[in-house]
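Our numbering puts the first residue of the sequence shown at 316, with every later residue one more than the last. Don't be surprised by glycine CBs; every beta carbon is placed ideally from N, CA and C. None of these values were measured; they are calculated from a predicted model.
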Amino acid sequence: MLGSVVVHPEAPDGGWGWIIVLSAFLQSALVFGVIRSFGVFFVEFVTYFDELSGRISWITSIGIAVQQFASPVGSALSSRYGARPVIMAGGFFSGLGFLLASFATCLAHLYLCIGLLSGFGWALVFTPSLASVARYFKRRRTLATSLALTGVGLSSFAFSPLFQFLVDTYAWRGALLIVAGMSFNLVVCGALIRPITLKEDLPGPAGRGARGTCWARFSSLFGLHLLGHFAFMRDRGHRQHLQLHGATADDREHWGGCWGRPFLVG
């Protein structure tokens, strides 16, 4: 115990962590599943706004660009304030963007609402959710991360016919209102992210804070420590090569982590 905070000696590898995985699964579905299935609306936009399809495609292009470029902002805010409030704020921005887009009268409104506002919301959601999964799992981190990311593929199959049905039934404005309601559920997913304090987070000899350097603080702020996680940096072919030459499991784990940890942790 540290005051009233429970300090875990290491990642629990289960327990509430599976709820975190479920939350990340839904978040990946409501971010990239929506992005990949949004082409259903393009035909409606081309007809309604009488614009070229190339200009219509800029809606999701802007959204993806903002999501990618603003991801370090989401990681930095998550490191500063915790993943839960950041993801909840991102879910609100994402839903608000679609809500405002349903009242659009020109293509520029869609650029601003879906491209910029929802795109920024996606940036606040996706990276902190995967980082939360990584904090709850160590041995099963690969499995947990894989399960969380299956939401992208499954939702890509499910959302396209769903969005087409919504457009056929409620027109594109009504369909966007429903998509906004779906996106607002990211706030609920964010509320499920229970913060966890690990021993390595503590300052002093008990944790890695004692080895703090400017670079270590910078990498922590922007979530660069994820690059040192074996689940993200693993090279399967090289691990098999090491295994054939008699390397132990610990040796292979160390080799996979050595690409990131010595440089990012300090």
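With DSSP collapsed to three states, give me the class of residue i.
i           : result
residue 460 : helix
residue 420 : coil
residue 548 : Any reading at residue 548 must be qualified, since the residue scores a pLDDT of 44, below 50, and its modelled position is unreliable; no value is offered.
Counting C-beta neighbours from all protein chains within 10 Å, is the total for residue i 16 or more, i.e. buried, or is it exposed?
i           : result
residue 476 : exposed
residue 563 : Low local confidence applies: a pLDDT of 46 at residue 563 is under 50, so the model's placement there is unreliable, and no value is given.
residue 456 : buried
residue 331 : exposed
residue 503 : exposed
residue 352 : buried
residue 368 : exposed
residue 484 : exposed
residue 329 : exposed
residue 434 : buried
residue 486 : exposed
residue 436 : buried
Nearest-angstrom Cα distance between residue i and residue j?
i           : j           : result
residue 429 : residue 471 : 18 Å
residue 400 : residue 479 : 33 Å
residue 506 : residue 403 : 7 Å
residue 416 : residue 339 : 25 Å
residue 354 : residue 450 : 35 Å
residue 460 : residue 444 : 10 Å
residue 373 : residue 395 : 32 Å
residue 442 : residue 465 : 15 Å
residue 481 : residue 387 : 34 Å
residue 427 : residue 452 : 37 Å
residue 391 : residue 454 : 26 Å
Is it the case that the Cβ atoms of residue i and residue j are separated by a distance below 8 Å?
i           : j           : result
residue 361 : residue 377 : no
residue 463 : residue 336 : yes
residue 438 : residue 382 : yes
residue 393 : residue 446 : yes
residue 389 : residue 405 : yes
residue 510 : residue 412 : no
Tell me, to the nearest whole angstrom, how far the beta carbon of residue i is from that of residue j; I am working on the premise that it is less than 8 Å.
i           : j           : result
residue 492 : residue 414 : 7 Å
residue 494 : residue 349 : 7 Å
residue 432 : residue 344 : Rounded, the Cβ-Cβ distance is 20 Å, inconsistent with contact.
Between residue i and the ligand SAH, is there a pair consisting of the residue's CB and a ligand heavy atom that are separated by less than 7 Å?
i           : result
residue 506 : Ligands displayed in this structure: none; no statement on the ligand SAH is therefore possible.
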